[in-house]
Amino acid sequence: MIFPLKGGDGKFCSFLTRVIPVKNEQGKIVNWFGTNTDITEQQKISEALKNSEERFRTLIEQSTDAIQLVNQQGEILYSSESLKNVLGYTPDELSGAGVTPFLHPNDVEYFYKKFGEIIANPLKPIVLHYRVKHRDGSWAWLETTGVNHLETPHINALVGTFRNITERKNNEKDLEYQKSLLEALQDVSPLGIVVVSAKGNVLTYNKLFGEMWKFPKKMLDKQIDEILLKAAQEQLEKPEEFIERVTYLYKHKQASHEKLHFIDGRIFDRYGSPIIGEGGIYYGYVWYFLDITERENLTKQKDDFLAIASHELKTPLTSVKAYTQMLERRFIKSNDMPSANLVSKMDKQLNKLNGLIGDLLDVTKIESGKLLFNEGYFNFNELVSEVIEEVQRTSETYTITKKFEKAQKVYGDKDRIGQVITNLLTNAMKYSPQSNKIVVSLSSTKKDVTLAVKDFGVGISKEKQEKVFERFYRVSGPKYNTFPGLGLGLYISSEIIKRQGGKIWVESRIGKGSTFYFTLPKNRSKYLRKSN
1 MIFPLKGGDG KFCSFLTRVI PVKNEQGKIV NWFGTNTDIT EQQKISEALK
51 NSEERFRTLI EQSTDAIQLV NQQGEILYSS ESLKNVLGYT PDELSGAGVT
101 PFLHPNDVEY FYKKFGEIIA NPLKPIVLHY RVKHRDGSWA WLETTGVNHL
151 ETPHINALVG TFRNITERKN NEKDLEYQKS LLEALQDVSP LGIVVVSAKG
201 NVLTYNKLFG EMWKFPKKML DKQIDEILLK AAQEQLEKPE EFIERVTYLY
251 KHKQASHEKL HFIDGRIFDR YGSPIIGEGG IYYGYVWYFL DITERENLTK
301 QKDDFLAIAS HELKTPLTSV KAYTQMLERR FIKSNDMPSA NLVSKMDKQL
351 NKLNGLIGDL LDVTKIESGK LLFNEGYFNF NELVSEVIEE VQRTSETYTI
401 TKKFEKAQKV YGDKDRIGQV ITNLLTNAMK YSPQSNKIVV SLSSTKKDVT
451 LAVKDFGVGI SKEKQEKVFE RFYRVSGPKY NTFPGLGLGL YISSEIIKRQ
501 GGKIWVESRI GKGSTFYFTL PKNRSKYLRK SN
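And the structure:
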């Protein structure tokens with residue numbers, strides 16, 4: 001029997017006591033003989049082993065992996081309790097059953113081919129992927145690692161460790177679909193596309209990308225971005241600028257849009273965007289290229305035509321205007337006022353035509369980079385007041401209210417900035433047919449001055465506000481169709497302000513009116529140093 005005894009140190013130890021009786025000749029017990037053995041350590045080892053077995057059994061039962069022992073004929077000899085977690089069956093339900101009835105018909109041949117490999121290669125792990133019938137009737141994908149332990153003592157079976165990978169297979173199928181869809185979209189896209197990883201490896205590209213850049217397939221197959229960049233530099237008019245820009249965008253992870261001019265005359269639109277995942281993880285960069293050579297050539301032809309046409313129209317228009325003014329003076333001198341009024345109206349229309357021709361000339365100068373500026377310091381308040389006075393004389397309908405701060409000096413082209421103010425005021429009148437009030441405000445900071453022209457007219461919707469500064473853009477809709485113009489005034493104004501170091505924008509609400517703003521730096525030289 002086993003009982004505890006308290007030792008001299010106060011701790012209890014377990015002892016195994018064995019006792020046998022000592023008898024005399026008559027068979028009567030006259031004494032007892034016994035031994036006491038300290039089995040404390042043995043009990044600790046036994047308890048630890050028991051706990052370990054319980055822990056291992058629990059792990060096996062709760063595992064998402066299952067273990068089976070199968071004989072050479074494919075009969076199931078043993079299944080771990082975790083089989084229920086993987087396929088829904090209890091071990092008893094499959095004990096003694098064959099594997100074949102549970103296999104998907106399309107996977108039987110594959111399974112037994114691999115089964116043969118396992119038998120032919122003792123102790124070598126072989127991985128299989130196949131489908132079996134789940135207890136709920138569905139087909140489950142299994143990933144099994146099979147090992148031949150037929151000759152291993154105490155095992156003598158084929159050991160399979162398997163897990164249910166149905167969800168993974170479905171995800172792989174979805175990914176394959178997404179990949180195929182992406183490749184199809186890339187192939188039909190009019191854009192050349194290339195995706196570069198964060199480490200500088202080319203992850204994917206479409207056929208058009210290689211054709212546009214004339215990269216040989218061997219070069220593309222190396223999938224190294226640095227090699228492609230060097231080859232691209234050799235084709236461009238400004239290779240240093242190109243590589244500096246790419247390096248900057250990779251480093252700062254910014255989106256971009258530029259035009260690339262090739263030595264052979266081609267022109268590409270290049271768009272780029274960083275690939276940012278959840279948590280701000282940077283995965284790489286995607287580039288899109290569009291060949292706009294033909295479009296740019298057509299645009300140049302159009303601009304050339306406008307320049308020539310504008311110049312050709314300017315000369316006869318000047319002569320007609322001179323004759324008109326001469327006729328008006330003669331009619332006034334002869335006191336023929338009805339005729340003088342008619343000629344005066346004609347002169348006003350000629351002024352409008354002259355303004356349109358002037359706009360066309362300015363556009364061609366802007367596009368060709370030939371719009372020149374005569375810059376210097378001038379009193380901005382005085383300029384605004386002069387323009388308001390000139391515009392006010394042309395219309396008795398509108399009252400222009402001034403809200404000025406103290407006089408401000410700015411550096412720029414006085415005439416060109418006056419042209420912008422005139423355009424904003426005439427637009428405010430044009431698009432405010434039901435109002436008779438315009439407010440011009442002038443404010444300043446230490447660095448710049450801001451002019452605001454507020455009208456109370458038809459207003460501009462939010463989605464169209466960005467577009468009003470585009471070339472030839474005119475706001476469309478029933479409310480706007482009656483307003484004449486080419487859609488060049490705001491484009492020209494925007495380009496003038498940008499080239500003077502300022503910015504221009506609009507705030508507007510439909511039916512409430514619009515406020516056009518522009519800012520100009522007080523010190524142009526500081527702006528230039530900052531830009532450079």
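In my numbering, the protein residues as written are 1 to 532. C-beta atoms are modelled at their ideal positions from N, C-alpha and C, and glycine is treated no differently. Being a predicted model, the structure only gives us computed values, none of them experimental.
Buried/exposed call for residue i, threshold 16 Cβ in 10 Å
| i | result |
| --- | --- |
| residue 12 | exposed |
| residue 280 | exposed |
| residue 495 | buried |
| residue 454 | buried |
| residue 32 | exposed |
| residue 319 | exposed |
| residue 131 | buried |
| residue 329 | exposed |
| residue 335 | exposed |
| residue 368 | exposed |
| residue 138 | exposed |
| residue 105 | exposed |
| residue 186 | buried |
| residue 44 | exposed |
| residue 49 | exposed |
Which of helix, strand or coil DSSP assigns to residue i
| i | result |
| --- | --- |
| residue 264 | coil |
| residue 402 | strand |
| residue 92 | helix |
| residue 155 | coil |
| residue 509 | strand |
| residue 99 | coil |
| residue 18 | strand |
| residue 104 | coil |
| residue 336 | coil |
| residue 387 | helix |
| residue 481 | In this prediction, residue 481 has a pLDDT of 47, which is less than 50 and means its spatial position is unreliable; what the coordinates show is noted afterwards. Coil at residue 481, not helix or strand. |
| residue 458 | coil |
| residue 464 | helix |
8 Å Cβ cutoff met for residue i and residue j
| i | j | result |
| --- | --- | --- |
| residue 76 | residue 46 | no |
| residue 510 | residue 461 | yes |
| residue 276 | residue 296 | no |
| residue 233 | residue 242 | yes |
| residue 198 | residue 283 | yes |
| residue 118 | residue 88 | no |
| residue 456 | residue 430 | no |
| residue 542 | residue 440 | The requested residue 542 is not part of the displayed model; the chain covers only 1 to 532. |
| residue 408 | residue 380 | yes |
| residue 193 | residue 235 | no |
| residue 499 | residue 487 | no |
| residue 410 | residue 342 | no |
| residue 161 | residue 65 | yes |
C-alpha distance - residue i paired with residue j, whole-angstrom precision
| i | j | result |
| --- | --- | --- |
| residue 287 | residue 215 | 15 Å |
| residue 100 | residue 213 | 56 Å |
| residue 414 | residue 507 | 25 Å |
| residue 188 | residue 182 | 10 Å |
| residue 179 | residue 143 | 24 Å |
| residue 260 | residue 359 | 29 Å |
| residue 22 | residue 16 | 20 Å |
| residue 246 | residue 291 | 19 Å |
| residue 249 | residue 467 | 27 Å |
| residue 340 | residue 505 | 42 Å |
| residue 112 | residue 225 | 45 Å |
| residue 299 | residue 306 | 10 Å |
| residue 481 | residue 176 | Note that residue 481 scores a pLDDT of 47, beneath 50, so its modelled location is shaky; the value from the coordinates is reported in the next line. So the alpha carbons of these two residues sit roughly 51 Å apart. |
| residue 391 | residue 327 | 25 Å |
| residue 489 | residue 331 | 35 Å |
| residue 394 | residue 514 | 21 Å |
| residue 29 | residue 80 | 55 Å |
| residue 448 | residue 416 | 17 Å |
| residue 383 | residue 376 | 13 Å |
Those residues which DSSP pairs with residue i across a bridge
| i | result |
| --- | --- |
| residue 68 | 79, 160 |
| residue 258 | 270 |
| residue 139 | 133 |
| residue 37 | 16 |
| residue 514 | 508 |
| residue 443 | 450 |
| residue 252 | DSSP, once it has assigned bridges, lists no residue as partnering residue 252. |
| residue 375 | 413 |
| residue 148 | 122, 158 |
| residue 197 | 284 |
| residue 32 | 21 |
Heavy atom of the ligand PLP within 7 Å of residue i beta-carbon
| i | result |
| --- | --- |
| residue 346 | Among the ligands in the structure shown, none appear at all, so the ligand PLP cannot be discussed. |
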